[in-house]
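One structure below.
Protein chains: 4
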Amino acid sequence: MTAQAHTRHATRPSKRQLIIETAERLFAEHGYDATSTARIATEAGVPSGLVFYHFATKLDLLLAVVQERPAPREVLRSTARGRTVRRRLRAIVATMAEELEHDRAARIIVFREAQGRPEIASRAAELFAEATETVACVLTGADDVVADPARVQAAAELVVSRVFLDTVALGQAETATHRHAEMIDLIAESLTGGVRAE
Amino acid sequence: MTAQAHTRHATRPSKRQLIIETAERLFAEHGYDATSTARIATEAGVPSGLVFYHFATKLDLLLAVVQERPAPREVLRSTARGRTVRRRLRAIVATMAEELEHDRAARIIVFREAQGRPEIASRAAELFAEATETVACVLTGADDVVADPARVQAAAELVVSRVFLDTVALGQAETATHRHAEMIDLIAESLTGGVRAE
Amino acid sequence: MTAQAHTRHATRPSKRQLIIETAERLFAEHGYDATSTARIATEAGVPSGLVFYHFATKLDLLLAVVQERPAPREVLRSTARGRTVRRRLRAIVATMAEELEHDRAARIIVFREAQGRPEIASRAAELFAEATETVACVLTGADDVVADPARVQAAAELVVSRVFLDTVALGQAETATHRHAEMIDLIAESLTGGVRAE
Amino acid sequence: MTAQAHTRHATRPSKRQLIIETAERLFAEHGYDATSTARIATEAGVPSGLVFYHFATKLDLLLAVVQERPAPREVLRSTARGRTVRRRLRAIVATMAEELEHDRAARIIVFREAQGRPEIASRAAELFAEATETVACVLTGADDVVADPARVQAAAELVVSRVFLDTVALGQAETATHRHAEMIDLIAESLTGGVRAE
DNA sequence: TATGAATGAGTTTTCATTCAT
DNA sequence: TATGAATGAAAACTCATTCAT
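Chains as they are written, first to last, in the UniProt record's numbering: chain A, 1 to 198; chain B, 1 to 198; chain C, 1 to 198; chain D, 1 to 198.
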């Protein structure tokens, strides 16, 4: 059913999984090209040959890293419990920034290595779509929404773009916090139909 | 081929510049790590040693590519001639997408290679700041703006984030066009204070 | 679990050893800097990459060459069978010159490349100390020695210096032979007879 | 036609001389192979092309460095003013060590680069011969010498070997000082007392 | 299922030397 | 007598991948 089916007998952390996790960290830190398979093996504490026993090529390892890591959909959904758009937005932005900061690896990889690699690019689009869908869904459930679905969708895309770019490309999750407030106000008002303060 | 040397007598296209331009193109196309200095030299038509005569290391060449390329401020400013926020936004989004598509090199490089390279990261932040500043400036000059400067700034950041992420990371400038319309409406309304259609 | 698993110098004709031996010869012949790793690989009959599989850097290969080669202590000791200081000195000088000539590689390397390389320099001092210690030991065992240990030590240092410099630096082992006779007389007398303190 | 005739009117430090001096320092510090002509030019403050204007090849520069530097004969001679062999030896050893330490460049180069380069090797032998000749001469002039010239010559060679090896190869001029005392006693006694031929 | 030595093409970088000015 | 850009061969080192065990 779920991706967990692959890791079902995870009584001990399988070496395959260990390789994926180490690769994820190193790819995120130094980039795909700048990370050698030998180093991955060394830091994972496995013999160098094992990498190619489990993954035919280095690119296959990258794909595994990128695909076997689910988007943090549920976390976003569960933390946005406020009634109003503004409250939900605040929760969403905070959670996303934190999530990306904490478990940014796969996300960073996806956006860095998408260029010229169709599978990665489509996974990048997938992640973006999932994120916006979740955000749109959360916003739609707020009590004070008056905007139509298309508008909500556009708002979700704007918010996700802003947070992604800050965290993934600019790497300034911390400095951006206070600038997010203004953005939240703008989006909230445009969805609730009033320039009136809350 | 040789005739050019005579005709271009006044403005000599220094080989240094030639190397930078070739590197820019290849870095943007394949990424920094995946582009060998040998290939840069070959495609630039210069001997491989010359690359390292002008740039001590490959990274120095990357820095030169990224730093010696100005942001296209004026283009944005000149194309946004409409009176209303909505018209200006349309022009801005179209121009930015086109600009990034056409001369995307440095921008793409900046956002791909920023991770773990402080000089590149700060240049990325610089480019982002310049772009948002320009957009904010253009929007402020519209006839129907009623929002305060902070709000305009937030709007500019949202627009720039959206277009950057689409073009640079997702590489989907073309498919996104129709989705931009909704975003433009959202931003325009939030700055003009009305839910009224134009 | 063989004993080989724990001992470093397992005696198998490994390619690693082959590389060390080839490097030793070439370093001694042409110097460290003037010997390319490619040439070492070619003359050893191994692929060029193998050099760097076994030794992280070229300097590490030099260190291996210099450190994994023991000083010929026993040879010196066994050949000096005469009863008198003079006879033992003759044997020592002849043996040392021959040894250095025959298996001079590591010695030459050590003294040529010590400058500015602490590990090599300390190995040079080590080799010098071992040689003088052995010589002093051999001389002390002669029947006609009357000098105190410090004097014997000084004599040993002089002899070793003279032979080392001739063979290693000046490369004139052959022409120096007849000049050694006078030196042997001088040292022998100073250790055996007429050494009346003033 | 001596080489000195050309550099006689050196009112200002000619750039040629500047290059030689810089090369001497760098060759001594890092070795001939490990010193690039570009670095010599840079540290000498001259354009890189000038090196090859004055010296056809890099090897010619090495030869110039090695040949246009006289042996410090006079210094040795003038400092050894004592009457006895022992006093003169003390002065000689101290002066040589100091001289080699202070102006060691050419000496170090000569002994490092002699291998496989006939001109350098013969210059090394020349320097060694000059040094021993001078020392022998100084010792012969002492009041208490009773040894014959051949013996004095052998003693000179021993002393010079010892000091050269210490300074040039082992680089331990400072730690060796106290060990020199014993050597001086040994040599002094062998030249002054109990010189009974067998 | 694991292992680590082996392979060779490819990478960045160095550098003595040349040459037009 | 200088000058500094240009040149290309060769250097040290990297690395994805293979393979015998």
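Idealized CB from N, CA, C, for every residue including glycine.
Per-residue burial, residue i [other beta carbons within 10 Å of its own, 16 or more giving buried]
{"i": "Ala156/D", "result": "buried"}
{"i": "Val66/D", "result": "buried"}
{"i": "Val110/B", "result": "buried"}
{"i": "Asp185/A", "result": "buried"}
{"i": "Ser161/A", "result": "buried"}
{"i": "Tyr32/B", "result": "buried"}
{"i": "Thr134/C", "result": "buried"}
{"i": "Arg83/B", "result": "exposed"}
{"i": "Ala181/D", "result": "exposed"}
{"i": "Phe146/C", "result": "Per the sequence shown, the amino acid found at residue 146/C is Val instead of Phe. Per the 10 Å Cβ criterion, exposed."}
{"i": "Glu24/C", "result": "buried"}
{"i": "Arg151/B", "result": "buried"}
{"i": "Thr132/A", "result": "buried"}
{"i": "Thr42/D", "result": "exposed"}
{"i": "Arg81/B", "result": "exposed"}
{"i": "Ser36/D", "result": "exposed"}
{"i": "Ser190/C", "result": "buried"}
Residue i at chain C interface by Cβ criterion, 8 angstroms
{"i": "Gly82/D", "result": "no"}
{"i": "Phe164/D", "result": "yes"}
{"i": "Ala133/D", "result": "Per the sequence shown, residue 133/D should be read as Glu rather than Ala. Chain C, which has no Cβ nearer than 8 angstroms to the Cβ of Glu133/D, makes this no."}
{"i": "His6/D", "result": "Bear in mind that a pLDDT of 45 at His6/D, under 50, signals an unreliable position, so the model cannot answer this."}
{"i": "residue 239/D", "result": "Residue coverage of chain D in this structure runs from 1 to 198, which leaves residue 239/D outside it and unanswerable."}
{"i": "Ala154/D", "result": "yes"}
{"i": "Arg90/D", "result": "no"}
Bounding residues of the alpha helix (DSSP H) (the contiguous stretch that carries residue i)
{"i": "Tyr32/B", "result": "Where Tyr32/B is concerned, there is no enclosing alpha helix (DSSP H), given that its DSSP letter is neither H nor E."}
{"i": "Arg81/A", "result": "That residue, Arg81/A, is in no alpha helix (DSSP H); it is neither H nor E in DSSP."}
{"i": "Arg151/C", "result": "Pro149 to Phe164"}
{"i": "Arg117/C", "result": "That residue, Arg117/C, is in no alpha helix (DSSP H); it is neither H nor E in DSSP."}
{"i": "residue 205/B", "result": "The structure shown does not extend to residue 205/B, since chain B is modelled only from 1 through 198, so no value can be given for it."}
Straight-line gap, residue i to residue j (C-alpha atoms, nearest Å)
{"i": "Ile187/D", "j": "Gly45/D", "result": "48 angstroms"}
{"i": "Phe164/C", "j": "Leu165/D", "result": "8 angstroms"}
{"i": "Met183/C", "j": "Ile40/C", "result": "40 angstroms"}
{"i": "Thr22/A", "j": "Thr140/B", "result": "48 angstroms"}
{"i": "Ala129/D", "j": "Ala121/D", "result": "12 angstroms"}
{"i": "Arg87/B", "j": "Val85/A", "result": "28 angstroms"}
{"i": "Ala28/B", "j": "Leu62/B", "result": "11 angstroms"}
{"i": "Leu158/B", "j": "Leu26/A", "result": "31 angstroms"}
{"i": "Thr57/C", "j": "Ala38/A", "result": "16 angstroms"}
{"i": "Ala64/D", "j": "Arg77/D", "result": "26 angstroms"}
{"i": "Glu68/A", "j": "Ala94/A", "result": "25 angstroms"}
{"i": "Ala34/B", "j": "Gln115/A", "result": "11 angstroms"}
Below-8 angstroms beta-carbon distance, residue i vs any chain B residue
{"i": "residue 259/A", "result": "Residue 259/A lies beyond the range of chain A shown here (1 to 198); nothing can be said about it."}
{"i": "Ile108/A", "result": "yes"}
Chain D contact for residue i (CB, 8 angstroms cutoff)
{"i": "Met183/C", "result": "yes"}
{"i": "Ala150/C", "result": "yes"}
{"i": "His30/C", "result": "yes"}
{"i": "Ala38/C", "result": "no"}
{"i": "Arg112/C", "result": "yes"}
Test: residue i CB closer than 8 angstroms to a CB of chain A
{"i": "Ala173/B", "result": "With a pLDDT of only 49 at Ala173/B, under the threshold of 50, the placement of this residue in the model should not be trusted; the figure read from the coordinates follows. Chain A, which has no Cβ nearer than 8 angstroms to the Cβ of Ala173/B, makes this no."}
{"i": "Glu157/B", "result": "yes"}
{"i": "Glu99/B", "result": "no"}
{"i": "Gly116/B", "result": "yes"}
{"i": "Ser190/B", "result": "yes"}
{"i": "Arg139/B", "result": "Rather than Arg, the amino acid found at residue 139/B in this sequence is Leu. No, no contact with chain A."}
{"i": "Leu186/B", "result": "yes"}
{"i": "Arg123/B", "result": "no"}
{"i": "Arg16/B", "result": "no"}
{"i": "Ser161/B", "result": "yes"}
3 or more residues per run - each beta strand (DSSP E) lying fully within the UniProt DNA-binding region "H-T-H motif" (36-55) of chain B: none
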